[in-house]
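Under this note's numbering, the first residue of the sequence shown carries the number 493, and numbering increases by one thereafter. Structure record follows, encoded as structure tokens.
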Amino acid sequence: MNETRVGYHSELEDLRADLVTLGVLVAETIGRGTAALLDRDLHAAQVIIDGDDVIDDYSLGLEERCYLIMALQSPIASDLRFVLTTLRLISELERSADLVVNISKASRRVYDVEFDPQIRGLIEQMGVEATTLTRKAIDSYVDSDVALATALDDIDDRLDALQSDYMAAILRSHSEGQLNLQGAVQLAMIGRYYERIGDHAVNIGERVNYMVTGWLPEKAGAARQRMRESEAKVQADNGELDGVLGTETDYQRSPSQSTETDS
493 MNETRVGYHS ELEDLRADLV TLGVLVAETI GRGTAALLDR DLHAAQVIID
543 GDDVIDDYSL GLEERCYLIM ALQSPIASDL RFVLTTLRLI SELERSADLV
593 VNISKASRRV YDVEFDPQIR GLIEQMGVEA TTLTRKAIDS YVDSDVALAT
643 ALDDIDDRLD ALQSDYMAAI LRSHSEGQLN LQGAVQLAMI GRYYERIGDH
693 AVNIGERVNY MVTGWLPEKA GAARQRMRES EAKVQADNGE LDGVLGTETD
743 YQRSPSQSTE TDS
């Protein structure tokens, strides 16, 4: 293998390592954001908000390296899928970091809201699950682990269930007069942010699956859409045919038959 190709593969491995660094940073930020929310630590929340610029800058640098590799090295096959997957993962992780910023901003708005033990416990559990999902998503990327990548969707069900319980707890607390409307809305949004972090982890798993196997989830969706369109066309054609046949039948009815039927 010549020196140029050695440098190329080294560049790919460096890109992988730096993407993992971004993933670890985002996962840690989820934990810190949850702690700031539960501890009512406004300073810690502001640190997370300000620190998002660092994540954005790091993400942009990784994206530019991906574009340079594609422009200068013209990767093909598995290498191309790796670079394209890395590009997508950068975006998914950056969006997860933005959601933690949203949680931190919301924590300032609920600073004076008293969490009942159930709501507090569910926030803590959602934070743990969101962090775990993000870490497992990165692990699947590092190890090219299709089984783990595929399992992320099932693991995300736990976070979805927690978010559902959390929403029910908020509604109960509000209906009992323990939580005002503004506080309930802000807390509900926080739950939604955690749930979306889980969705981004699932998206990462889908892209890892593509990286390893070449399978895209969009293909299945496109196939289902084509099937729906085909079925709709058949139904429309059948409707037109029924209309034509119905008209012909009316013309074929004799005057006496029409009179008997109408009478």
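C-beta: ideal position from N, C-alpha, C; glycine also. Note that the structure is a prediction, hence the values are computed from the model and not measured.
Runs of alpha helix (DSSP H) lying entirely within the stretch 637 to 697, each at least 4 residues, in chain order: 638 to 667
Measuring straight from C-alpha to C-alpha, what distance separates L572 and M562? 8 Å
Where V605 sits in the DSSP three-state scheme: coil
Are there any heavy atoms of the ligand ATP lying less than 6 Å away from the beta-carbon of L640, as far as the coordinates show? Annotation note on the ligand ATP: not contained in the displayed structure, which lists no ligands.
Buried or exposed (CB count within 10 angstroms, at least 16 for buried), R720: Of the residues assessed, R720 falls on the exposed side of the cut-off, its CB having fewer than 16 other CB atoms within 10 angstroms.
CB-CB under 7 Å to V704, same chain, minus the five flanking residues each way: which ones, in chain order? S636, V638
Any 3 or more C-beta pairs closer than 8 Å across the stretch 602 to 616 and the stretch 668 to 681: Yes, the stretch 602 to 616 touches the stretch 668 to 681.
Which residue comes first and which comes last in the alpha helix (DSSP H) that contains G543? 534 to 565
Report the rounded CA-to-CA distance for I522 versus K725, giving the unit in angstroms. Approximately 47 Å, taken between the alpha carbons.
I'd like to know if the stretch 575 to 594 and the stretch 511 to 519 are in contact, where contact means that at least 3 CB-CB pairs between them fall below 8 Å. yes
Helix, strand or coil for G619, going by three-state DSSP, please let me know. helix
Pair within 7 Å by beta-carbon distance, A641 and G697: yes
Chain-order list of residues whose beta-carbon lies under 7 Å from that of N701 (same chain, five-residue window excluded): Hits under 7 Å: V638, A641, T642, W707.
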